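Under UniProt numbering, the residue at position 11 of the sequence shown is numbered 11, and the numbers go up by one with no gaps.
Note that beta-carbon positions come from the ideal geometry of N, C-alpha and C, so glycine has one too.
Bear in mind the structure is a predicted one, so any value in this text is a computation, not a measurement.
Single-structure report; data block below.
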Amino acid sequence: MVYQKLEQLKTNLRELNRIVVAFSGGVDSTFLLKVAVDTLGPERVLAITADSETYPSHELEEAKELAKRIGVKHQVIETSELAIPGYAENDLNRCYFCKKGLFEEVYPIMNKLGYENIVYGLIADDNSEYRPGAKAAKEYNVRGPLEEVEFYKEEIRELSKEFGLPTWDKPSFACLSSRIAYGERITQEKLNKVEKSELYLKGLGIRQMRVRTHEEIARIEVEPADMELVLRHHDEITKTIQSYGYKFVTLDLSGYKSGSMNKVLNL
Numbered sequence: 001m002v003y004q005k006l007e008q009l010k011t012n013l014r015e016l017n018r019i020v021v022a023f024s025g026g027v028d029s030t031f032l033l034k035v036a037v038d039t040l041g042p043e044r045v046l047a048i049t050a051d052s053e054t055y056p057s058h059e060l061e062e063a064k065e066l067a068k069r070i071g072v073k074h075q076v077i078e079t080s081e082l083a084i085p086g087y088a089e090n091d092l093n094r095c096y097f098c099k100k101g102l103f104e105e106v107y108p109i110m111n112k113l114g115y116e117n118i119v120y121g122l123i124a125d126d127n128s129e130y131r132p133g134a135k136a137a138k139e140y141n142v143r144g145p146l147e148e149v150e151f152y153k154e155e156i157r158e159l160s161k162e163f164g165l166p167t168w169d170k171p172s173f174a175c176l177s178s179r180i181a182y183g184e185r186i187t188q189e190k191l192n193k194v195e196k197s198e199l200y201l202k203g204l205g206i207r208q209m210r211v212r213t214h215e216e217i218a219r220i221e222v223e224p225a226d227m228e229l230v231l232r233h234h235d236e237i238t239k240t241i242q243s244y245g246y247k248f249v250t251l252d253l254s255g256y257k258s259g260s261m262n263k264v265l266n267l
């Protein structure tokens, strides 16, 4: 079944002809970029990565290396989500404003360079989650080829491993703003605190985590297997994360869960 999906994906990409891939360097967009280049050839694909306040610098460097490895033209554009009207207020439409702003930046580049379509890494799993960015994609006629053929994350990881992509087991990632509780204004200072805290925890050997921000509280989410490590180093972790500007540091016993901030939304 997974190979049937792959063949259908290739067919759909051929119909799109010359494409721009919104490329974050994550599991899904890397797989999409790889298949696009293999199917269309590098001359008909352009990867664009948005460098902004919500995108960690180490992720940008990884994206550059991945694009080089895949052998595709890669353009990094400077953007600012915090400058987009409505974004910093951080209501439930935050991701809509983000994607809308991104596509407005990418469309002129696509038209200028002679590409015909924009695609991004939406997948079938996203249909069961709150994804307001998908609304912006529909408004701008941006396609999600992986979702269209019902590719799921585990299938993408499986094929990514087969293709030799180093992202096959990369932890899931979302923009830094997703760590800040809805209704709490997003600022550069808060984004910096989150990035520093997560880089520090990563340095302890924790691969999958989130540092959720609730005003002065840092709520750490890790997978159950890593909780013992956090507790063993609780004093050091508390002092370090407090030094970044938090007053309280907590461990969420529910463990890591993608999109956990959405629990407060009554949708």
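Measure the C-alpha to C-alpha separation of residue i and residue j and round it to an integer number of angstroms.
| i | j | result |
| --- | --- | --- |
| F31 | S160 | 6 Å |
| E162 | R185 | 42 Å |
| L13 | G121 | 13 Å |
| Y87 | D169 | 31 Å |
| V106 | I48 | 8 Å |
| L201 | D235 | 13 Å |
| T39 | G26 | 20 Å |
| N141 | Q242 | 44 Å |
| I217 | G245 | 10 Å |
| R179 | E65 | 26 Å |
| T79 | K257 | 28 Å |
| G133 | R232 | 39 Å |
| R210 | P224 | 13 Å |
| K5 | E215 | 44 Å |
| K138 | D126 | 14 Å |
| S24 | F173 | 10 Å |
| A63 | R143 | 21 Å |
| P108 | E89 | 27 Å |
| G164 | I206 | 23 Å |
| S128 | R94 | 18 Å |
| Y3 | L33 | 17 Å |
Among the residues of its own chain, which have a CB less than 8 Å from the CB of residue i, if the five just before and after it don't count?
| i | result |
| --- | --- |
| M227 | L251, L253, G255 |
| K68 | H74 |
| Q188 | E53, L82 |
| M199 | The sequence shown places Leu at residue 199, not Met. Excluding positions up to five away in sequence, the list reads P56, H58. |
| Q8 | V149 |
Under 7 Å Cβ to Cβ from residue i, same chain only, skipping five residues before and after it: list those, please.
| i | result |
| --- | --- |
| A136 | Y96, K99, K100, F103 |
| residue 317 | Residue 317 is absent from the model: the chain starts at 1 and stops at 267. |
| E195 | P56, L176 |
| K10 | V35, T39 |
| M110 | V20, I118 |
| K190 | I180, T213 |
| S197 | V211, A218, I241, Y244 |
Taking a contact to mean a Cβ-Cβ separation below 8 Å, would you say residue i touches residue j in this structure?
| i | j | result |
| --- | --- | --- |
| E81 | S52 | yes |
| L146 | L46 | no |
| A22 | S29 | yes |
| S260 | E221 | yes |
| E154 | A124 | no |
| A50 | I77 | yes |
| K239 | T213 | no |
| Q208 | P171 | yes |
| L204 | N117 | no |
| Y182 | L60 | no |
| Y115 | V20 | yes |
Which same chain residues end up closer than 6 Å to residue i when comparing Cβ atoms and leaving out the 5 residues on each side of it in sequence?
| i | result |
| --- | --- |
| R157 | W168 |
| G71 | P42 |
| R44 | R18 |
| R219 | R212, T250, D252 |
| M1 | none |
| K247 | E216 |
In the DSSP assignment, what are the bridge partners of residue i?
| i | result |
| --- | --- |
| L251 | I220 |
| H214 | I217 |
| R143 | V119 |
| M209 | V222 |
List in chain order: all unbroken alpha helix (DSSP H) runs of 4+ residues lying wholly within the UniProt domain "NAD/GMP synthase" (14-80).
27-40, 57-70
Enumerate, from N- to C-terminal direction, the unbroken alpha helix (DSSP H) stretches of 4 or more residues contained entirely within the region 129-199.
133-139, 145-148, 153-162
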